[in-house]
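These notes concern the structure reproduced below.
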Amino acid sequence: MKVKKFFLYLFLTVVSFISIFPFLWMVISMTNKSVEITKGRLLPGNYLIENLKNLFASYDIATALWNSFIVAFVTTILAILVASLAGYGFEIHRSRGKNIVFNILLLSLMIPFASIMIPLYRMFGKITPYAPAIGIDTLAAVILPSITTAFLIFFFRQNTKMFSKELIEAGRIDGLSELGIFFRIFIPSMKNTYAAAAIITFMTSWNNYMWPLVILQSTEKKTIPLLISNLGAAYAPDYGVIYTAIVIATLPTALIFFLLQKHFVAGMMGSVKG
Amino acid sequence: MICIFYFYPMIQALILSFQSGMGNNLQYVGFDNYFRLFKDPTFISALKNTFIYLIFQVPIMLFLALVLATLLNSPNLKFRGFFRTAIFLPAVTSLVAYSVIFKYLFATDGLINQFLMMIHLVHEPINWITHPFWAKVTIIIAITWRWTGYNMVFYLASLQNIDKSIYEAAKIDGASPIQQFFLVTIPMLKPIILFTTITSTIGTLQLFDEVMNITYGGPGNATITISQYIYNLSFEYTPDFGYAATVSYVILILIVILSIIQFKVSGD
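From first to last, the protein sequence lines stand for chains A and B.
Going by the UniProt record's numbering, the residue at position 174 of the first sequence is 174; the numbering climbs one at a time, nothing skipped.
Going by the UniProt record's numbering, the residue at position 86 of the second sequence is 86; the numbering climbs one at a time, nothing skipped.
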């Protein structure tokens with residue numbers, strides 16, 4: 001029995017170590033010189049300030065962070081608002097053909113992004129002369145296609161099933177409008193669901209790579225994954241600077257995740273149970 | 001909105017797939033693009049690579065996730081919270097960021113090789129990124145690292161919904177932990193296993209960020225995926241949107257076929 005236990009813990013420790021190691025490695029490397037990193041130095045050094053200085057001097061990482069933040073923030077707010085209204089509507093209101101529409105919606109989950117990327121790109125290309133503000137090479141063009149996702153609507157619909165219908169009745173009797181019920185009763189009582197959805201959307205959007213790569217062209221519009229990818233492709237890379245950039249790019253999503261972890265788990269449970 | 005950004009482009013892509021030409025000068029060519037697929041070596045390697053990832057990576061990852069979830073679900077395990085968080089951690093990283101880290105870890109003079117040589121497992125460094133076979137292995141290791149914890153969370157969540165008395169009954173009937181795993185856990189989790197299989201299949205068929213940033217599809221298209229080929233056809237080579245759209249329909253058709261098979265196999 002004891003031997004078995006030992007192997008169980010050994011196995012879990014090894015798997016955990018493998019999972020954590022790349023994080024340790026990037027944080028350690030952030031404080032070392034490029035040469036030492038190639039030598040495989042595993043101890044923290046005192047090169048952090050230097051790496052930070054070099055990073056901010058050679059690359060416009062501040063702009064990239066700002067662009068990513070705008071994209072992720074706006075996408076999250078709009079996507080959640082649209083998806084929760086839709087999910088709520090699908091679950092609460094009875095109308096004919098509702099399930100057919102919902103099933104068609106779910107089909108879009110199967111559409112790979114790569115297969116709609118070219119028509120989307122051409123679509124934005126066509127509207128660029130008429131509406132340059134939302135055309136190619138704008139952050140708006142990055143945001144627009146990710147506002148509506150069938151996954152989020154599905155997620156909200158599943159979670160709405162747990163929402164008590166009596167509360168809606170009570171709201172109606174108290175004379176609240178349908179939107180009033182939604183904003184005053186539904187949103188406050190579904191905090192966990194909103195938190196989980198917000199984490200997922202913010203992370204996906206912050207880390208989105210393929211579509212920004214296609215639609216953004218000028219350097220000052222680039223988001224953080226594009227910048228990291230560029231750094232990684234450099235011919236003579238300064239590893240210290242690259243790892244510093246990667247840590248900075250990972251921090252926001254990691255922080256958000258850890259701060260909201262409890263809500264996240266609670267919110268996910270709701271969607272699995274349904 | 002879904003119509004504008006998903007279904008309308010799908011129809012556009014279908015129309016495009018019957019056209020050919022450079023950039024925006026497109027003409028109808030009928031099924032020419034579809035015939036071209038069969039004679040296109042890059043497309044065939046992209047298709048082959050994607051299937052290799054699918055056949056090896058998805059089962060390994062899901063099985064590992066299931067085993068880990070079962071182990072971490074046992075209530076008398078110490079440091080449960082720590083193990084769970086640690087194993088889920090990779091799912092928080094951006095695909096591009098972790099790809100770049102893996103590219104350096106697996107470089108010929110990278111840390112993995114230094115370690116393997118230190119423990120005398122290999123005598124000379126493995127060319128992880130530049131050897132056709134090892135490059136595929138690297139990609140598979142990378143995706144497994146990133147997504148195992150993510151899938152584990154789904155299993156953990158549904159394991160908590162299984163009634164404990166079923167396990168007690170199995171124990172009384174004399175089932176060993178391993179028998180319990182195969183005879184109780186797996187059948188009980190069937191719906192969620194189906195769900196993770198389908199999402200992982202769809203994810204693998206769309207694989208892009210990792211190959212783009214770790215191997216750039218190389219060496220000599222040994223790791224290229226369908227998504228990256230579509231990207232290359234449209235934005236790297238002389239743009240041929242029509243042919244790229246044809247290739248993109250192949251992914252869609254594959255996803256539909258594989259999802260149907262998975263539904264049928266699971267018997268729901």
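Cβ atoms here follow ideal geometry from the backbone N, Cα and C, with glycine treated the same way.
Values in this document were obtained by computation on a predicted structure and should not be read as measured data.
Could you round the C-beta distance between residue i and residue j to whole angstroms and report it? I think they count as a contact, below 8 Å.
| i | j | result |
| --- | --- | --- |
| S58 of chain A | G240 of chain A | Actually they are not in contact, since the Cβ atoms of S58 of chain A and G240 of chain A sit about 12 Å apart, beyond 8 Å. |
| H263 of chain A | A197 of chain A | Between A197 of chain A and H263 of chain A the Cβ distance is about 10 Å, and since that is not below 8 Å, they are no contact. |
| I92 of chain A | I147 of chain A | About 22 Å; that fails the 8 Å criterion. |
| L109 of chain A | F151 of chain A | 6 Å |
| N151 of chain B | L62 of chain B | 6 Å |
| F192 of chain A | A133 of chain A | Note that residue 192 of chain A corresponds to Asn in the displayed sequence, not to Phe. The pair is not a contact, with the Cβ atoms about 36 Å apart (cut-off 8 Å). |
| T75 of chain A | I143 of chain A | 5 Å |
| I226 of chain B | I251 of chain B | 5 Å |
| I224 of chain B | A244 of chain B | Between A244 of chain B and I224 of chain B the Cβ distance is about 14 Å, and since that is not below 8 Å, they are no contact. |
| N213 of chain B | K48 of chain B | Incorrect: roughly 21 Å between the Cβ atoms, too far for contact. |
| residue 269 of chain B | T144 of chain B | The first residue shown for chain B is 1 and the last is 268, placing residue 269 of chain B beyond what the model contains. |
| L120 of chain A | K221 of chain A | Going by Cβ atoms, the distance from L120 of chain A to K221 of chain A rounds to 17 Å, so no, they are not a contact pair. |
| D209 of chain B | Y243 of chain A | That belief does not hold up - the Cβ atoms of D209 of chain B and Y243 of chain A are roughly 18 Å apart, past 8 Å. |
| I199 of chain A | L106 of chain A | With 8 Å as the limit, I199 of chain A and L106 of chain A do not qualify as a contact, their Cβ atoms being about 22 Å apart. |
Check the Cβ-Cβ distances between residue i and every residue of chain A, and say whether any is below 8 Å.
| i | result |
| --- | --- |
| N213 of chain B | yes |
| D109 of chain B | yes |
| Y34 of chain B | no |
| D209 of chain B | yes |
| L66 of chain B | no |
| P90 of chain B | yes |
| V137 of chain B | no |
| L252 of chain B | yes |
| S200 of chain B | no |
| Q262 of chain B | no |
| V256 of chain B | yes |
| S227 of chain B | yes |
| S259 of chain B | yes |
| F235 of chain B | yes |
| residue 286 of chain B | Any property of residue 286 of chain B remains undetermined from this structure, which presents chain B solely from 1 to 268. |
| S248 of chain B | yes |
| A46 of chain B | no |
| T42 of chain B | no |
| Y98 of chain B | yes |
| I224 of chain B | no |
| I178 of chain B | no |
| F83 of chain B | yes |
Could you confirm whether any beta carbon from chain B is found closer than 8 Å to the beta carbon of residue i?
| i | result |
| --- | --- |
| G274 of chain A | Confidence in G274 of chain A is poor, its pLDDT being 37 and thus under 50, which makes the residue's placement too unreliable to answer from. |
| G87 of chain A | no |
| W211 of chain A | no |
| T63 of chain A | no |
| F234 of chain A | The identity of residue 234 of chain A in the sequence shown is Ala, whereas the question assumes Phe. Chain B contact via Cβ: absent. |
| Y239 of chain A | yes |
| P22 of chain A | yes |
| L152 of chain A | no |
| Y260 of chain A | Here the sequence assigns Leu to residue 260 of chain A, which means Tyr is not the residue at that position. Taking Cβ atoms only, chain B never reaches closer than 8 Å to L260 of chain A, which makes this a no. |
| W66 of chain A | no |
| L43 of chain A | no |
| M110 of chain A | yes |
| S16 of chain A | yes |
| N207 of chain A | yes |
| F113 of chain A | yes |
| V142 of chain A | no |
| F7 of chain A | no |
| T250 of chain A | yes |
| S218 of chain A | no |
| G135 of chain A | no |
Along chain D, which residues have their Cβ under 7 Å away from the Cβ of residue i?
| i | result |
| --- | --- |
| M26 of chain A | Given the protein chain composition of this structure (A and B), no chain D is represented. |
Original post:
For the region 67 to 153 of chain B, which segments carrying the alpha helix (DSSP H) assignment without a break, of at least 4 residues, lie completely within its bounds, in sequence order?
Top reply: Taking 4 residues as the minimum length, the alpha helix (DSSP H) runs contained wholly in the region 67 to 153 of chain B are 80 to 88, 95 to 105 and 111 to 118, in order along the chain.
Subject >> Meets three-Cβ-pair contact criterion under 8 Å: the region 57 to 72 of chain A and the region 170 to 190 of chain A >> reply: Verdict: no, contact absent.
**OP:** Determine contact between the region 102 to 113 of chain A and the region 47 to 58 of chain A, defined as no fewer than three beta-carbon pairs at a distance below 8 Å.
**Re:** Result no; under three Cβ-Cβ pairs closer than 8 Å.
Original post:
Is the region 88 to 98 of chain B touching the region 244 to 253 of chain A, taking contact as three or more C-beta pairs under 8 Å?
Top reply: yes
Original post:
Touch check for the region 82 to 91 of chain B and the region 15 to 24 of chain A: three-plus C-beta pairs under 8 Å?
Top reply: yes
**OP:** Kindly confirm or deny that the region 224 to 232 of chain A and the region 152 to 159 of chain A touch, where touching means at least three C-beta pairs closer than 8 Å.
**Re:** no
Subject >> Any 3 or more C-beta pairs closer than 8 Å across the region 61 to 73 of chain B and the region 154 to 165 of chain B >> reply: yes
Original post:
Can you find at least 3 beta carbon pairs, one from the region 201 to 219 of chain B and one from the region 251 to 260 of chain B, that sit closer than 8 Å?
Top reply: Enough Cβ pairs lie closer than 8 Å, so yes.
Original post:
Is the region 49 to 62 of chain B touching the region 197 to 217 of chain A in the sense that three or more CB pairs, one from each, lie closer than 8 Å?
Top reply: Taking a cut-off of 8 Å on C-beta distances, the region 197 to 217 of chain A does not touch the region 49 to 62 of chain B, as fewer than three cross pairs fall below it.
Subject >> Segments assigned beta strand (DSSP E), at least 3 residues, entirely inside the region 163 to 202 of chain B >> reply: Counting whole runs of 3 or more residues, the region 163 to 202 of chain B contains no beta strand (DSSP E) stretch at all.
Original post:
Does the region 204 to 213 of chain A come close enough to the region 70 to 84 of chain A to have 3 or more Cβ pairs within less than 8 Å?
Top reply: yes
Original post:
Can you find at least 3 beta carbon pairs, one from the region 159 to 167 of chain B and one from the region 114 to 128 of chain B, that sit closer than 8 Å?
Top reply: Taking 8 Å as the limit for Cβ pairs, the verdict is that the region 114 to 128 of chain B does not touch the region 159 to 167 of chain B.
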